[in-house]
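Student: My structure is below; once you've seen it, I'll send some questions.
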Amino acid sequence: MSHGKTSYVCLPCRASYKQFHGPERERRCPRCARVMIHAGSAFAAPRRRDTNAWRALSVVLNAGIGFHKSCCGGPGWRPRTLREVKARTAHARRTGEPLARALLRYQV
(Lines of atoms letter the chains of each structure in order from A and count residues from 1; the text may use other names and numbers.)
(Lines give C-alpha, C1' and ligand atoms only; values in the text may rest on other atoms or scores of the structure.)
Protein backbone atom coordinates (compact mmCIF):
# COMPACT_ATOMS: atom_id res chain seq x y z
CA MET A 1 0.00 0.00 0.00
CA SER A 2 1.56 3.29 -1.03
CA HIS A 3 1.42 6.30 1.20
CA GLY A 4 0.69 9.84 0.11
CA LYS A 5 3.11 12.71 0.15
CA THR A 6 3.74 14.67 3.30
CA SER A 7 5.71 17.81 4.10
CA TYR A 8 9.23 17.93 5.47
CA VAL A 9 10.62 21.29 6.64
CA CYS A 10 14.12 22.73 6.82
CA LEU A 11 13.91 25.58 9.34
CA PRO A 12 17.33 27.19 8.60
CA CYS A 13 16.53 27.39 4.87
CA ARG A 14 12.85 28.25 5.47
CA ALA A 15 11.83 25.65 2.91
CA SER A 16 9.39 22.75 2.79
CA TYR A 17 9.35 19.78 0.48
CA LYS A 18 6.62 17.23 -0.21
CA GLN A 19 7.98 13.71 -0.19
CA PHE A 20 6.52 10.26 0.09
CA HIS A 21 6.18 9.15 3.68
CA GLY A 22 7.46 5.64 4.03
CA PRO A 23 9.79 3.77 6.32
CA GLU A 24 11.40 6.01 8.89
CA ARG A 25 14.59 7.46 7.52
CA GLU A 26 16.19 10.84 7.76
CA ARG A 27 15.19 13.26 5.07
CA ARG A 28 17.93 15.76 4.22
CA CYS A 29 17.47 19.26 2.84
CA PRO A 30 18.61 19.57 -0.78
CA ARG A 31 20.01 23.05 -0.04
CA CYS A 32 22.00 22.60 3.17
CA ALA A 33 21.99 18.81 3.78
CA ARG A 34 20.62 19.19 7.32
CA VAL A 35 18.01 16.80 8.66
CA MET A 36 14.48 18.03 7.95
CA ILE A 37 11.51 17.88 10.34
CA HIS A 38 8.40 15.92 9.41
CA ALA A 39 5.61 18.54 9.46
CA GLY A 40 2.66 16.46 8.22
CA SER A 41 0.39 16.24 5.21
CA ALA A 42 -1.78 19.25 6.17
CA PHE A 43 1.16 21.66 6.46
CA ALA A 44 1.10 24.95 4.54
CA ALA A 45 4.43 26.78 4.57
CA PRO A 46 4.55 30.53 5.21
CA ARG A 47 6.30 32.77 2.72
CA ARG A 48 10.07 32.55 2.97
CA ARG A 49 10.46 36.25 3.81
CA ASP A 50 7.92 36.07 6.69
CA THR A 51 10.49 35.61 9.46
CA ASN A 52 7.89 36.09 12.21
CA ALA A 53 5.82 33.15 10.96
CA TRP A 54 8.91 30.94 10.54
CA ARG A 55 10.05 31.68 14.10
CA ALA A 56 6.60 30.77 15.41
CA LEU A 57 6.63 27.63 13.25
CA SER A 58 10.02 26.58 14.64
CA VAL A 59 8.64 26.72 18.21
CA VAL A 60 5.62 24.64 17.19
CA LEU A 61 7.63 21.99 15.32
CA ASN A 62 10.35 21.78 18.00
CA ALA A 63 7.62 21.23 20.60
CA GLY A 64 6.67 18.08 18.69
CA ILE A 65 3.44 19.42 17.20
CA GLY A 66 2.75 18.43 13.61
CA PHE A 67 0.23 19.34 10.96
CA HIS A 68 -1.42 15.98 10.42
CA LYS A 69 -4.93 15.53 9.09
CA SER A 70 -7.50 14.38 11.58
CA CYS A 71 -10.79 12.59 11.04
CA CYS A 72 -12.56 15.95 10.66
CA GLY A 73 -10.28 17.43 8.00
CA GLY A 74 -7.35 19.63 8.92
CA PRO A 75 -4.87 19.61 11.78
CA GLY A 76 -6.75 22.09 13.94
CA TRP A 77 -5.61 25.47 15.18
CA ARG A 78 -1.89 26.29 15.34
CA PRO A 79 -0.22 29.59 16.37
CA ARG A 80 0.97 31.57 13.36
CA THR A 81 2.61 34.60 14.98
CA LEU A 82 5.19 35.16 17.70
CA ARG A 83 2.60 37.06 19.73
CA GLU A 84 0.39 33.96 19.83
CA VAL A 85 3.36 31.75 20.73
CA LYS A 86 4.51 34.09 23.52
CA ALA A 87 1.01 34.27 25.02
CA ARG A 88 0.72 30.48 25.10
CA THR A 89 4.25 30.05 26.47
CA ALA A 90 3.45 32.48 29.30
CA HIS A 91 0.21 30.58 29.96
CA ALA A 92 2.13 27.30 30.14
CA ARG A 93 4.60 28.77 32.65
CA ARG A 94 1.81 30.25 34.81
CA THR A 95 -0.38 27.17 34.92
CA GLY A 96 2.17 24.37 34.63
CA GLU A 97 0.44 23.06 31.51
CA PRO A 98 2.81 21.30 29.07
CA LEU A 99 4.02 23.64 26.32
CA ALA A 100 2.81 21.36 23.52
CA ARG A 101 -0.73 21.40 24.89
CA ALA A 102 -0.67 25.17 25.55
CA LEU A 103 0.44 25.86 21.97
CA LEU A 104 -2.67 24.07 20.69
CA ARG A 105 -5.06 26.29 22.68
CA TYR A 106 -7.21 28.55 20.54
CA GLN A 107 -7.73 31.00 23.41
CA VAL A 108 -5.58 31.65 26.43
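Residue 220 in our numbering sits at position 62 of the sequence shown; the count goes up by one each step and never skips. Built from N, CA and C at the ideal position, the CB exists for glycine as well.
Below 8 Å CB to CB, which residues in the same chain sit around Ser199 once its five sequence neighbours on both sides are set aside?
Tutor: Gly162, Lys163, Thr164, Ser165, His179, Phe225, His226, Lys227
Student: Give every residue of the same chain whose Cβ lies closer than 8 Å to the Cβ of Ile223, excluding the five residues on either side of it in the sequence, and list them in chain order.
Tutor: Arg236, Ala258, Leu261, Leu262
Student: Beta-carbon separation of Ile195 and Val217 under 8 Å?
Tutor: no
Student: Measure the C-alpha to C-alpha separation of Arg186 and Arg238 and round it to an integer number of angstroms.
Tutor: 25 Å
Student: By how many angstroms is the C-alpha of Pro256 removed from the C-alpha of Arg207?
Tutor: 30 Å
Student: Hey, quick one: how far does the alpha helix (DSSP H) through Ala211 stretch, first residue to last?
Tutor: 209-220
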